[in-house]
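In this note's numbering, the protein residues as written are 68 to 125.
All residues carry an ideal CB built from backbone N, CA and C; glycine is no exception.
Nothing here was measured: the structure is a model prediction, and the numbers come from that model.
Scroll down for the structure; my scribbles are underneath it.
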(Lines of atoms letter the chains of each structure in order from A and count residues from 1; the text may use other names and numbers.)
(Lines give C-alpha, C1' and ligand atoms only; values in the text may rest on other atoms or scores of the structure.)
Protein backbone atom coordinates (compact mmCIF):
# COMPACT_ATOMS: atom_id res chain seq x y z
CA UNK A 1 0.00 0.00 0.00
CA UNK A 2 1.04 3.58 -0.57
CA UNK A 3 1.08 6.39 1.99
CA UNK A 4 -2.38 7.80 2.65
CA UNK A 5 -3.43 11.44 3.06
CA UNK A 6 -6.84 12.56 4.32
CA UNK A 7 -7.62 16.27 3.89
CA UNK A 8 -10.75 17.54 5.60
CA UNK A 9 -12.13 20.47 7.55
CA UNK A 10 -13.47 18.18 10.28
CA UNK A 11 -11.23 15.37 11.50
CA UNK A 12 -12.51 13.48 14.50
CA UNK A 13 -11.19 10.72 16.72
CA UNK A 14 -13.43 8.33 14.77
CA UNK A 15 -11.69 9.36 11.53
CA UNK A 16 -8.28 8.81 13.11
CA UNK A 17 -9.36 5.40 14.39
CA UNK A 18 -10.69 4.42 10.95
CA UNK A 19 -7.46 5.41 9.21
CA UNK A 20 -5.36 3.61 11.82
CA UNK A 21 -7.44 0.45 11.34
CA UNK A 22 -7.58 0.48 7.53
CA UNK A 23 -4.19 1.90 6.53
CA UNK A 24 -1.15 0.08 7.92
CA UNK A 25 1.11 2.38 5.92
CA UNK A 26 2.01 5.93 6.97
CA UNK A 27 -1.05 8.18 7.03
CA UNK A 28 -1.53 11.90 7.42
CA UNK A 29 -4.81 13.46 8.46
CA UNK A 30 -4.53 17.13 7.58
CA UNK A 31 -7.14 19.59 8.78
CA UNK A 32 -7.91 22.62 6.63
CA UNK A 33 -10.01 25.69 7.34
CA UNK A 34 -13.35 25.34 5.56
CA UNK A 35 -13.50 29.10 5.13
CA UNK A 36 -10.30 29.11 3.06
CA UNK A 37 -10.13 25.69 1.44
CA UNK A 38 -6.74 24.34 0.42
CA UNK A 39 -4.03 26.98 0.51
CA UNK A 40 -0.46 27.05 -0.77
CA UNK A 41 0.62 26.41 2.81
CA UNK A 42 -1.52 23.25 2.95
CA UNK A 43 -0.05 22.02 -0.33
CA UNK A 44 3.45 22.66 1.04
CA UNK A 45 2.68 20.58 4.16
CA UNK A 46 1.30 17.74 2.04
CA UNK A 47 4.24 17.87 -0.36
CA UNK A 48 6.80 17.85 2.46
CA UNK A 49 5.10 14.96 4.25
CA UNK A 50 4.73 12.89 1.08
CA UNK A 51 8.35 13.46 0.04
CA UNK A 52 9.65 12.53 3.51
CA UNK A 53 7.37 9.51 3.72
CA UNK A 54 8.08 8.31 0.19
CA UNK A 55 11.85 8.74 0.65
CA UNK A 56 11.83 6.68 3.84
CA UNK A 57 9.75 3.88 2.29
CA UNK A 58 12.06 3.39 -0.71
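Check                                                                                                                                                                   : Outcome
Rounded to the nearest angstrom, what separates residue 70 and residue 100 at their Cα positions?                                                                       : 23 Å
Looking only at its chain, what residues have a beta carbon closer than 6 Å to the beta carbon of residue 116, apart from the 5 residues adjacent to it on each side?   : 95
For residue 98, does the three-state DSSP call read helix, strand or coil?                                                                                              : strand
Please list, in chain order, all residues of the same chain as residue 97 whose beta carbon is under 6 Å from its beta carbon, the five residues on each side excluded. : 74
DSSP puts residue 71 in a beta bridge; with which residues?                                                                                                             : 94
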